[in-house]
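Numbering (this note's numbering), first residue to last: 5 to 334. The beta carbon of each residue, even a glycine, is placed where N, CA and C say it ideally should be. Please read these numbers as outputs of a predicted model, since none were measured by experiment. Heads up: the structure comes next, in structure tokens.
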Ligand SMILES: [Zn+2]
Ligand SMILES: [Zn+2]
Ligand SMILES: [Zn+2]
């Protein structure tokens, strides 16, 4: 596997003919449940409760896309750029229970999972090779879910993923013109208008974005400006409200579809600042972390337009009404 840069969009792709086998092994046990006969290699563990040895756990991905050892060895190839697929690929086991999902776990379980996610990001940002730490979850076969046990994925990469790069550039451009954070401005307009607001909980807001990429797209975002999820997570008490709002938002979405992608967008690794990249300079003022949830409505999605022009046969104003009225239990 190697990384190649698209010279036009300046985004990196991972490619290669030696694709790791990711077909689920037909084993009779789960490698992520406590006391598994063949446990995954543990990286970090959150303290357990209710008789469980741990509450959330980071483990090495059994078939990683990125490998931790070595240098990226970035080099030119005419006008092209390539590098080795150096990075980290971990699984964040969300709960010791095989059916302990983010939408049915307890407040403290979701909080522990979020805390572990923040700790892993913070830890990996100490490695100056890594420019970005992504945390995402694919749920459902159409989303590319790999394991039955509730897990999210973490990748640490030597580049900033494309969508985040677009957001960073857009955030910087908006800030250059207005000296304000575009996300803070979105939040204050949405709170004022009230037509796309899903729910608020403590300092967190769930909303359906003005220009959705898919029906029922939802964001969870802190009202207080902060570019880095890990810094917010370090403030006492704040992850509980986030966990509760995340659980309730997922419950709402699950009344429409069981399948979704979830991704955390936080600031890149600015511990080692790049001189050439302009978006690093005002990043703490112009970027604002958030969680995006992209539900998958299989039959209704017109996949041919998905990658070029996003097509959503439902406005956010209609989507938010249905999600607000959804019957949820916690
Ligand atoms: Zn399991
Ligand atoms: Zn902001
Ligand atoms: Zn985003």
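Q: Compare the beta carbon distance of residue 330 and residue 259 with 7 Å and say whether it is the shorter of the two.
A: With contacts defined as CB atoms closer than 7 Å, residue 330 and residue 259 qualify as a contacting pair.
Q.
Pull the bridge partners of residue 91 from the DSSP assignment, please.
A. Partner(s): 161.
(Q) Taking the beta carbon of residue 109 as the centre, do at least 16 other beta carbons fall within 10 Å, making it buried, or is it exposed? (A) With at least 16 other beta carbons inside 10 angstroms of its own, residue 109 counts as buried.
Q) Taking the continuous beta strand (DSSP E) assigned at residue 80, which residues delimit it? A) The continuous beta strand (DSSP E) containing residue 80 extends over residues 79-81.
Q) Over what stretch of residues does the beta strand (DSSP E) that includes residue 6 continue unbroken? A) From DSSP, the beta strand (DSSP E) with residue 6 extends over 6-9.
Q: Assess, as a yes-or-no matter, whether the segment 81-91 is touched by the segment 57-71 under the definition of 3 or more beta carbon pairs within less than 8 Å.
A: The answer is yes - the segment 81-91 touches the segment 57-71, with three or more Cβ pairs under 8 Å.
Q. Closest to residue 253 by CA distance: which of 266, 242 and 241 is it?
A. Out of 266, 242 and 241, 266 has the C-alpha closest to the C-alpha of residue 253.
**Q.** Cut-off 6 Å between Cβ atoms - residues of its own chain near residue 175, not counting five sequence neighbours on either side
**A.** Within the same chain, and ignoring the five residues on either side of residue 175 in sequence, the residues whose Cβ sits closer than 6 Å to its Cβ are 186, 290 and 291.
Q) Cβ-heavy atom distance between residue 36 and ligand 1 below 6 Å? A) It does: the Cβ of residue 36 is within 6 Å (strictly closer) of some heavy atom of ligand 1.
Q: May I ask you to check if the CB of residue 171 is nearer than 6 Å to at least one heavy atom of ligand 3?
A: Result yes, Cβ under 6 Å from ligand 3.
Q.
I'd like to check one pair, residue 125 with residue 234: are the Cβ atoms closer than 7 Å?
A. Closer than 7 Å, so yes.
Q.
Check whether the segment 200-216 and the segment 158-174 touch, using three or more Cβ-Cβ pairs below 8 Å as the test.
A. Touching, no.
Q | In DSSP terms, what residue 155 is bridged to | A | Secondary-structure assignment with DSSP links residue 155 through a beta bridge to 97.
Q: Find the nearest neighbour of residue 238 within the set 119, 14, 11 and 41, judged by alpha-carbon distance.
A: Taking only the C-alpha atoms, the option nearest residue 238 is 119.
Q. Helix, strand or coil: how does DSSP classify residue 187 here?
A. Three-state DSSP puts residue 187 in a helix.
Q) Going by the beta-carbon positions, is the gap between residue 1 and residue 135 smaller than 7 Å? A) Here the chain covers residues 5 to 334 and nothing more, so residue 1 does not appear.
Q) In terms of DSSP beta bridges, what is residue 363 paired with? A) Absent from the model: residue 363. The displayed extent of the chain is 5 to 334, so no value can be given.
**Q.** Of the listed residues 232, 180, 131 and 137, nearest to residue 159 (C-alpha basis)
**A.** It is 137.
Q: Could you tell me whether the Cβ atoms of residue 111 and residue 244 are closer together than 7 Å?
A: It is a contact, given that the beta carbons lie within the stated cut-off.
Q) Do residue 48 and residue 216 have their CB atoms nearer than 7 Å? A) Not a contact, by the Cβ cut-off of 7 Å.
**Q.** Check: residue 102 C-beta below 6 Å from any heavy atom of ligand 1
**A.** Result yes, Cβ under 6 Å from ligand 1.
(Q) Just to confirm the assignment, what range does the alpha helix (DSSP H) spanning residue 126 have? (A) It spans 111-128 - the alpha helix (DSSP H) in which residue 126 sits, taken as one unbroken run.
Q: Report the residue from 7, 180 and 225 whose alpha carbon sits nearest the alpha carbon of residue 195.
A: 225 is the residue among 7, 180 and 225 whose C-alpha sits nearest the C-alpha of residue 195.
Q: May I have the straight-line CA-CA distance separating residue 2 from residue 192, to the nearest angstrom?
A: Nothing about residue 2 can be reported from this structure: the residues present for the chain run from 5 to 334 only.
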